[in-house]
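Going by my numbering, the sequence shown opens with residue 2, and the numbers climb by one from there.
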Amino acid sequence: MLQKEHGFFDDESNRKTVKERLTAFVANWPIFLVSFLVCLGTAIFYLRYTVPKYMVSTAFLVKELQEGTSNSKDIIEQALNGKTDVNLSNEMMLVGSRNLMERTIAKNGFNTSYSIKGRIHSIEIYKEAPFNLIAKPATDSEEPYIITIKKIDAKGGVFSTGLGSEAKPFPFLWGKPFVLNGQNVELQLKHPIKAGDAEYVVCWQPVNIAAANLLKNLSVRVYDTKTNAILISLTTENVEKGKDVLNALFKEFNLMDIEERNKFSENTVRFIDERL
């Protein structure tokens, strides 16, 4: 004869199991509380002491040559039009190349960063800095340097190099050059300011080192397999600077493409002249 099945809470053994589990949980509540507090403290520490990162992206289309040109092997048409085929792999390699990044940085001064010093960490302020650091002449030294600027007013301020007790303060005047790390450096005020206690951190890097650091955070991939579009993404601490880097990189990419086409055309025309 079949016995009637009991529900979960009707079974005596199940009721004992649930009770035992609740008893075990209550008995060990300090462990759960400590674990929760540790996880919460770790999250707060991470959010408070970690510099936030942002990702900026842009996409552009690699245009093909006009119809009828790409398949033509006529040397004169090649001379007039430059490259004959679109190869996305080659274009992506060019976008992510060190040469292109170094040209972009050298022309736009992305190897100098400006931050405002906070209680916990420094925050990159990019164009919001009230001054610019100019290296004269703009030689590409092999040694990067970091300077801290404080006590600024309408005439100048105090800068220091080094860390901790090794930091040595030096007075400076706006627009007056001084020697730093073998370079003639000048701090130029961008607009009138009021005296304040804010501290700024300026980091200068050689172009090759700055290019290597940016390339580590640069991603280049095909936007869509059905198009000739390329997607570029950059992880950065300052959104505006990230946008400017990508825009400048795209502009320099176009300039290099034009230079390559012109060079190809000149070499082909020279070859034709020699044969004629």
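We put the CB at the ideal spot given by N, CA and C, even for glycine.
Just so we're clear, the structure is a prediction, and the values are computed from it rather than from any experiment.
Using a 10 angstroms sphere on the CB of W205, the tally of other CB atoms reaches 16 or more, which defines it as buried.
Secondary structure at P172: strand, using DSSP grouped into helix, strand and coil. Here DSSP, grouped into helix, strand and coil, assigns E187 to strand. When the beta-carbon positions are compared, I126 and I117 come within less than 7 Å of each other. Counting C-beta atoms within 10 angstroms of its own C-beta, R104 has 16 or more neighbours from the protein chains shown and is therefore classed as buried. Annotation for R99: A212 and L216 place their beta carbon closer than 7 Å to its own, counting only its chain and skipping 5 residues before and after.
By the Cβ rule, the stretch 177-194 does not count as touching the stretch 223-232, because fewer than three pairs are nearer than 8 Å.
Residue range G157 to T162 is occupied by the beta strand (DSSP E) that includes V159, with no alpha helix (DSSP H) assigned at that position.
With a contact defined as Cβ atoms closer than 8 Å, L95 and A230 miss out at about 15 Å. Boundaries of the beta strand (DSSP E) around A136: F132 to K137.
With 16 or more other CB atoms across the displayed protein chains lying within 10 angstroms of its CB, F160 is buried.
Partner residues in the beta bridge of W205, as assigned by DSSP, are T113 and Y146. Here T24 is exposed, its C-beta having fewer than 16 other C-beta atoms within 10 Å. Comparing C-alpha distances from K108 to each of N133, E253, R276 and E129 shows the shortest one belongs to E253.
In this structure, M56 keeps its C-beta atom at 7 Å or more from the C-beta atom of S266.
Cα atoms of T113 and L101: separation of roughly 18 Å, rounded to the nearest angstrom. In chain order, F132, N133, I135, W175 and G176 place their CB closer than 7 Å to the CB of Q189, counting only its own chain and leaving out the 5 sequence neighbours on each side. Secondary structure note for S90: its alpha helix (DSSP H) is the uninterrupted segment L89 to V96. If you draw a straight line from the Cα of V186 to the Cα of T149, it comes to about 14 Å.
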